[in-house]
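Dropping the structure here:
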(Lines of atoms letter the chains of each structure in order from A and count residues from 1; the text may use other names and numbers.)
(Lines give C-alpha, C1' and ligand atoms only; values in the text may rest on other atoms or scores of the structure.)
Protein backbone atom coordinates (compact mmCIF):
# COMPACT_ATOMS: atom_id res chain seq x y z
CA UNK A 1 0.00 0.00 0.00
CA UNK A 2 1.40 3.36 -1.06
CA UNK A 3 -0.34 5.34 1.73
CA UNK A 4 0.10 8.68 -0.02
CA UNK A 5 -3.14 10.06 1.40
CA UNK A 6 -3.54 11.47 4.92
CA UNK A 7 -5.38 9.31 7.45
CA UNK A 8 -7.74 10.55 10.15
CA UNK A 9 -8.38 8.00 12.90
CA UNK A 10 -11.94 8.26 14.19
CA UNK A 11 -12.65 7.31 17.80
CA UNK A 12 -15.86 7.31 19.84
CA UNK A 13 -15.07 10.86 21.02
CA UNK A 14 -14.26 12.32 17.59
CA UNK A 15 -16.51 15.20 16.52
CA UNK A 16 -17.66 15.95 12.99
CA UNK A 17 -16.12 19.41 13.36
CA UNK A 18 -12.68 17.78 13.71
CA UNK A 19 -13.18 15.83 10.48
CA UNK A 20 -14.33 18.96 8.66
CA UNK A 21 -11.28 20.90 9.84
CA UNK A 22 -8.88 18.12 8.80
CA UNK A 23 -10.54 17.82 5.38
CA UNK A 24 -10.48 21.59 4.79
CA UNK A 25 -6.79 21.75 5.77
CA UNK A 26 -5.87 18.96 3.33
CA UNK A 27 -4.93 19.45 -0.31
CA UNK A 28 -5.62 15.79 -1.10
CA UNK A 29 -8.38 13.31 -0.43
CA UNK A 30 -8.73 12.32 3.23
CA UNK A 31 -9.08 8.75 4.52
CA UNK A 32 -11.22 8.23 7.61
CA UNK A 33 -10.72 4.96 9.51
CA UNK A 34 -12.57 3.85 12.63
CA UNK A 35 -10.26 2.99 15.54
CA UNK A 36 -12.24 -0.23 15.99
CA UNK A 37 -11.78 -1.41 12.40
CA UNK A 38 -9.33 -4.14 11.43
CA UNK A 39 -8.94 -4.26 7.65
CA UNK A 40 -6.44 -6.12 5.45
CA UNK A 41 -4.05 -4.02 3.34
CA UNK A 42 -5.45 -5.21 -0.03
CA UNK A 43 -8.83 -3.82 1.02
CA UNK A 44 -7.42 -0.52 2.27
CA UNK A 45 -5.64 -0.22 -1.07
CA UNK A 46 -9.07 0.06 -2.70
CA UNK A 47 -9.32 3.45 -1.00
CA UNK A 48 -5.68 4.54 -0.98
CA UNK A 49 -4.32 3.48 -4.36
CA UNK A 50 -7.20 3.26 -6.83
CA UNK A 51 -7.85 6.39 -8.92
CA UNK A 52 -11.18 7.83 -7.81
CA UNK A 53 -13.22 10.81 -8.93
CA UNK A 54 -15.66 10.57 -6.01
CA UNK A 55 -15.75 9.62 -2.35
CA UNK A 56 -15.74 5.91 -1.52
CA UNK A 57 -16.56 3.63 1.41
CA UNK A 58 -15.37 0.12 2.24
CA UNK A 59 -18.30 -2.27 2.60
CA UNK A 60 -18.83 -6.03 2.71
CA UNK A 61 -21.77 -8.13 1.51
CA UNK A 62 -24.01 -8.74 4.51
CA UNK A 63 -27.64 -9.84 4.71
CA UNK A 64 -29.75 -7.24 6.54
CA UNK A 65 -26.65 -5.06 6.83
CA UNK A 66 -26.40 -1.45 7.95
CA UNK A 67 -25.77 -0.09 4.44
CA UNK A 68 -27.59 -0.28 1.13
CA UNK A 69 -25.62 -0.41 -2.13
CA UNK A 70 -27.19 0.07 -5.54
CA UNK A 71 -25.27 0.15 -8.83
CA UNK A 72 -21.95 0.17 -6.93
CA UNK A 73 -22.86 3.29 -4.95
CA UNK A 74 -23.93 3.83 -1.36
CA UNK A 75 -27.68 4.48 -1.47
CA UNK A 76 -28.42 4.47 2.26
CA UNK A 77 -26.37 4.29 5.46
CA UNK A 78 -26.83 3.87 9.21
CA UNK A 79 -25.67 5.52 12.42
CA UNK A 80 -26.71 5.41 16.07
CA UNK A 81 -29.85 7.35 15.15
CA UNK A 82 -30.34 6.34 11.51
CA UNK A 83 -31.34 2.94 10.15
CA UNK A 84 -31.63 1.61 6.62
CA UNK A 85 -34.88 -0.12 5.73
CA UNK A 86 -33.20 -2.87 3.72
CA UNK A 87 -29.43 -3.27 3.85
CA UNK A 88 -27.22 -5.49 1.70
CA UNK A 89 -23.78 -4.41 2.94
CA UNK A 90 -21.95 -3.79 6.21
CA UNK A 91 -19.90 -0.60 6.52
CA UNK A 92 -16.32 -1.51 7.47
CA UNK A 93 -15.52 1.85 9.03
CA UNK A 94 -13.27 3.25 6.29
CA UNK A 95 -14.27 6.23 4.14
CA UNK A 96 -12.43 8.30 1.52
CA UNK A 97 -13.49 11.95 1.20
CA UNK A 98 -12.81 13.35 -2.27
CA UNK A 99 -11.53 16.90 -2.72
CA UNK A 100 -13.36 16.93 -6.06
CA UNK A 101 -16.55 17.13 -3.98
CA UNK A 102 -15.05 19.52 -1.43
CA UNK A 103 -17.78 22.18 -1.23
CA UNK A 104 -20.63 19.68 -1.13
CA UNK A 105 -18.90 17.52 1.49
CA UNK A 106 -18.10 20.46 3.78
CA UNK A 107 -21.68 21.70 3.51
CA UNK A 108 -23.14 18.25 4.23
CA UNK A 109 -20.86 17.55 7.20
CA UNK A 110 -21.38 21.05 8.62
CA UNK A 111 -25.14 20.57 8.43
CA UNK A 112 -24.86 17.25 10.27
CA UNK A 113 -22.57 18.78 12.90
CA UNK A 114 -24.94 21.71 13.48
CA UNK A 115 -27.90 19.35 13.85
CA UNK A 116 -26.37 17.93 17.03
CA UNK A 117 -26.73 14.34 15.82
CA UNK A 118 -25.21 11.79 18.19
CA UNK A 119 -23.15 8.74 17.30
CA UNK A 120 -19.84 7.69 15.78
CA UNK A 121 -18.55 10.53 13.61
CA UNK A 122 -17.60 8.29 10.68
CA UNK A 123 -21.13 6.85 10.56
CA UNK A 124 -22.65 10.33 10.78
CA UNK A 125 -20.33 11.48 7.99
CA UNK A 126 -21.41 8.68 5.65
CA UNK A 127 -25.10 9.28 6.41
CA UNK A 128 -24.65 13.02 5.78
CA UNK A 129 -22.99 12.43 2.40
CA UNK A 130 -25.66 9.99 1.24
CA UNK A 131 -28.55 12.19 2.39
CA UNK A 132 -27.00 15.15 0.57
CA UNK A 133 -26.99 13.03 -2.62
CA UNK A 134 -23.19 13.16 -2.80
CA UNK A 135 -21.77 10.25 -4.79
CA UNK A 136 -20.06 7.68 -2.56
CA UNK A 137 -18.74 4.65 -4.44
CA UNK A 138 -18.91 1.24 -2.77
CA UNK A 139 -15.57 -0.59 -2.55
CA UNK A 140 -16.38 -4.21 -1.76
CA UNK A 141 -14.37 -6.26 0.73
CA UNK A 142 -13.94 -9.95 -0.07
CA UNK A 143 -11.31 -12.73 0.01
CA UNK A 144 -10.05 -11.70 3.46
CA UNK A 145 -11.73 -11.10 6.83
CA UNK A 146 -12.37 -7.77 8.52
CA UNK A 147 -14.05 -6.57 11.68
CA UNK A 148 -15.38 -3.39 13.18
CA UNK A 149 -15.77 -4.17 16.83
CA UNK A 150 -15.17 -2.57 20.21
CA UNK A 151 -14.16 -6.02 21.49
CA UNK A 152 -10.37 -6.15 21.65
CA UNK A 153 -10.36 -9.97 21.64
CA UNK A 154 -12.30 -9.99 18.38
CA UNK A 155 -9.95 -7.44 16.81
CA UNK A 156 -6.89 -9.44 17.79
CA UNK A 157 -8.46 -12.63 16.41
CA UNK A 158 -9.05 -11.02 13.02
CA UNK A 159 -5.56 -9.48 13.01
CA UNK A 160 -4.08 -12.95 13.57
CA UNK A 161 -6.25 -14.44 10.82
CA UNK A 162 -5.16 -11.74 8.37
CA UNK A 163 -1.50 -12.18 9.35
CA UNK A 164 -1.72 -15.90 8.54
CA UNK A 165 -2.97 -15.27 4.99
CA UNK A 166 -0.98 -14.88 1.78
CA UNK A 167 -1.75 -11.27 0.85
CA UNK A 168 -0.27 -11.70 -2.64
CA UNK A 169 -2.85 -14.41 -3.32
CA UNK A 170 -5.61 -12.19 -1.94
CA UNK A 171 -4.56 -9.32 -4.23
CA UNK A 172 -4.49 -11.66 -7.23
CA UNK A 173 -7.97 -12.99 -6.45
CA UNK A 174 -9.31 -9.45 -6.06
CA UNK A 175 -7.68 -8.39 -9.34
CA UNK A 176 -9.35 -11.29 -11.16
CA UNK A 177 -12.80 -9.77 -11.69
CA UNK A 178 -15.65 -12.08 -10.73
CA UNK A 179 -18.49 -9.96 -12.15
CA UNK A 180 -17.89 -10.52 -15.87
CA UNK A 181 -19.99 -12.71 -18.14
CA UNK A 182 -20.26 -16.46 -17.61
CA UNK A 183 -17.66 -17.45 -20.24
CA UNK A 184 -15.23 -14.80 -19.06
CA UNK A 185 -15.48 -15.75 -15.38
CA UNK A 186 -15.39 -19.53 -15.75
CA UNK A 187 -13.07 -19.89 -18.76
CA UNK A 188 -11.08 -16.83 -19.81
CA UNK A 189 -10.22 -15.53 -16.35
CA UNK A 190 -9.19 -18.96 -15.13
CA UNK A 191 -6.32 -18.75 -17.62
CA UNK A 192 -5.73 -15.01 -17.30
CA UNK A 193 -5.07 -15.35 -13.58
CA UNK A 194 -2.10 -17.62 -14.32
CA UNK A 195 -0.76 -15.17 -16.90
CA UNK A 196 -1.24 -12.26 -14.51
CA UNK A 197 0.86 -14.02 -11.89
CA UNK A 198 3.55 -14.62 -14.53
CA UNK A 199 3.40 -10.95 -15.57
CA UNK A 200 3.91 -9.94 -11.94
CA UNK A 201 6.91 -12.25 -11.63
CA UNK A 202 8.63 -10.87 -14.75
CA UNK A 203 7.71 -7.27 -13.82
CA UNK A 204 5.73 -6.61 -17.00
CA UNK A 205 3.65 -3.43 -17.15
CA UNK A 206 -0.07 -3.24 -17.99
CA UNK A 207 0.69 -1.23 -21.15
CA UNK A 208 3.14 -3.88 -22.37
CA UNK A 209 0.47 -6.54 -21.89
CA UNK A 210 -2.08 -4.41 -23.77
CA UNK A 211 0.26 -4.08 -26.76
CA UNK A 212 1.02 -7.82 -26.68
CA UNK A 213 -2.69 -8.64 -26.77
CA UNK A 214 -3.15 -6.22 -29.67
CA UNK A 215 -0.27 -7.78 -31.61
CA UNK A 216 -1.68 -11.30 -31.13
CA UNK A 217 -5.08 -10.07 -32.29
CA UNK A 218 -3.62 -8.47 -35.42
CA UNK A 219 -1.75 -11.65 -36.32
CA UNK A 220 -4.95 -13.63 -35.76
CA UNK A 221 -6.76 -11.32 -38.21
CA UNK A 222 -3.99 -11.84 -40.77
CA UNK A 223 -4.30 -15.62 -40.49
CA UNK A 224 -8.07 -15.42 -40.92
CA UNK A 225 -7.44 -13.54 -44.18
CA UNK A 226 -5.45 -16.53 -45.50
CA UNK A 227 -8.72 -18.50 -45.58
CA UNK A 228 -7.16 -21.96 -45.32
CA UNK A 229 -8.35 -24.56 -42.83
CA UNK A 230 -5.09 -24.63 -40.84
CA UNK A 231 -4.70 -20.85 -40.85
CA UNK A 232 -8.29 -20.41 -39.69
CA UNK A 233 -7.84 -22.96 -36.90
CA UNK A 234 -4.67 -21.24 -35.65
CA UNK A 235 -6.32 -17.82 -36.02
CA UNK A 236 -9.31 -18.88 -33.93
CA UNK A 237 -6.99 -20.20 -31.23
CA UNK A 238 -4.90 -17.02 -31.25
CA UNK A 239 -8.05 -14.91 -31.03
CA UNK A 240 -8.97 -16.62 -27.76
CA UNK A 241 -5.39 -16.17 -26.54
CA UNK A 242 -5.62 -12.47 -27.41
CA UNK A 243 -8.84 -12.15 -25.41
CA UNK A 244 -7.26 -13.91 -22.43
CA UNK A 245 -4.18 -11.67 -22.56
CA UNK A 246 -6.51 -8.68 -22.85
CA UNK A 247 -7.91 -9.64 -19.43
CA UNK A 248 -4.40 -9.60 -17.98
CA UNK A 249 -3.66 -5.89 -18.45
CA UNK A 250 -6.54 -4.84 -16.21
CA UNK A 251 -5.77 -7.53 -13.64
CA UNK A 252 -2.12 -6.51 -13.60
CA UNK A 253 -3.05 -2.84 -13.17
CA UNK A 254 -5.32 -3.69 -10.25
CA UNK A 255 -2.74 -6.01 -8.67
CA UNK A 256 0.14 -3.52 -8.93
CA UNK A 257 -2.08 -0.40 -8.67
CA UNK A 258 -0.40 0.97 -11.79
CA UNK A 259 -3.10 3.16 -13.31
CA UNK A 260 -2.57 5.80 -15.99
CA UNK A 261 -4.55 7.79 -18.54
CA UNK A 262 -2.32 6.37 -21.29
CA UNK A 263 -3.08 2.83 -20.16
CA UNK A 264 -6.83 3.50 -20.12
CA UNK A 265 -6.60 5.04 -23.60
CA UNK A 266 -4.55 2.14 -24.99
CA UNK A 267 -6.95 -0.41 -23.55
CA UNK A 268 -10.00 1.40 -24.94
CA UNK A 269 -8.48 1.89 -28.41
CA UNK A 270 -7.11 -1.63 -28.84
CA UNK A 271 -10.39 -3.16 -27.63
CA UNK A 272 -12.17 -1.42 -30.49
CA UNK A 273 -9.79 -2.29 -33.35
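In the working numbering, the protein residues as written are -5 to 267. C-beta: ideal position from N, C-alpha, C; glycine also.
Span separating the alpha-carbon of residue i from that of residue j
i, j, result
"residue 181", "residue 243", "17 Å"
"residue 28", "residue 64", "24 Å"
"residue 108", "residue 84", "27 Å"
"residue 24", "residue 44", "14 Å"
"residue 129", "residue 92", "10 Å"
"residue 194", "residue 7", "43 Å"
"residue 264", "residue 120", "39 Å"
"residue 26", "residue 100", "15 Å"
"residue 37", "residue 255", "23 Å"
"residue 95", "residue 47", "9 Å"
"residue 168", "residue 177", "18 Å"
"residue 15", "residue 52", "23 Å"
Top-ranked residue by Cα proximity to residue i, from the options
i, options, result
"residue 54", "87, 166, 7", "87"
"residue 153", "93, 138, 250", "138"
"residue 142", "45, 187, 33, 245", "33"
"residue 66", "223, 39, 131", "131"
"residue 198", "250, 90, 49, 40", "250"
"residue 75", "254, 68, 106", "106"
"residue 102", "187, 196, 124, 9", "124"
"residue 156", "126, 140, 167, 185", "140"
"residue 60", "186, 81, 14", "81"
"residue 186", "245, 70, 41", "245"
"residue -2", "39, 58, 8", "39"
"residue 126", "68, 260, 183, 221", "68"
"residue 114", "144, 95, 219, 19", "144"
"residue 98", "77, 78, 122", "122"
"residue 57", "46, 48, 78, 31", "78"
"residue 31", "50, 116, 16, 12", "116"
"residue 191", "94, 96, 164, 146", "164"
"residue 20", "0, 147, 36, 48", "0"
Close beta carbons around residue i, own chain, < 6 Å, minus the five adjacent residues each side
i, result
"residue 5", "29"
"residue 71", "61, 120, 121, 124"
Backbone secondary structure at residue i - three-state DSSP
i, result
"residue 250", "helix"
"residue 13", "helix"
"residue 186", "helix"
"residue 140", "strand"
"residue 261", "helix"
"residue 163", "helix"
"residue 228", "helix"
"residue 178", "helix"
"residue 236", "helix"
"residue 64", "strand"
"residue 23", "coil"
"residue 147", "helix"
"residue 28", "strand"
Neighbour flag for residue i against chain B, beta carbons, 9 Å
i, result
"residue 246", "The displayed structure is made up of one protein chain only, and chain B is not part of it."
Where the alpha helix (DSSP H) through residue i begins and ends
i, result
"residue 3", "Element bounds for residue 3: not the alpha helix (DSSP H) but the beta strand (DSSP E), 1 to 4."
"residue 96", "96 to 108"
"residue 87", "It is not in any alpha helix (DSSP H) - residue 87 instead sits in the beta strand (DSSP E) that spans 83 to 91."
Residue range of the unbroken beta strand (DSSP E) whose run includes residue i
i, result
"residue 132", "130 to 135"
"residue 67", "67 to 70"
"residue 122", "No beta strand (DSSP E) holds residue 122; the alpha helix (DSSP H) holding it covers 115 to 125."
"residue 49", "49 to 55"
Sequence-distant residues of its chain with Cβ nearer than 7 Å to residue i (five each side left out)
i, result
"residue 214", "229, 232, 233, 236"
"residue 247", "200, 253, 257"
"residue 239", "189, 203, 206, 207, 210"
"residue 118", "10, 73, 106, 111"
"residue 50", "41, 90, 130, 131, 133"
Contact set for residue i: own chain, Cβ-Cβ below 8 Å, skip 5 residues either direction
i, result
"residue 217", "225, 226, 228, 229, 232"
"residue 159", "34, 138"
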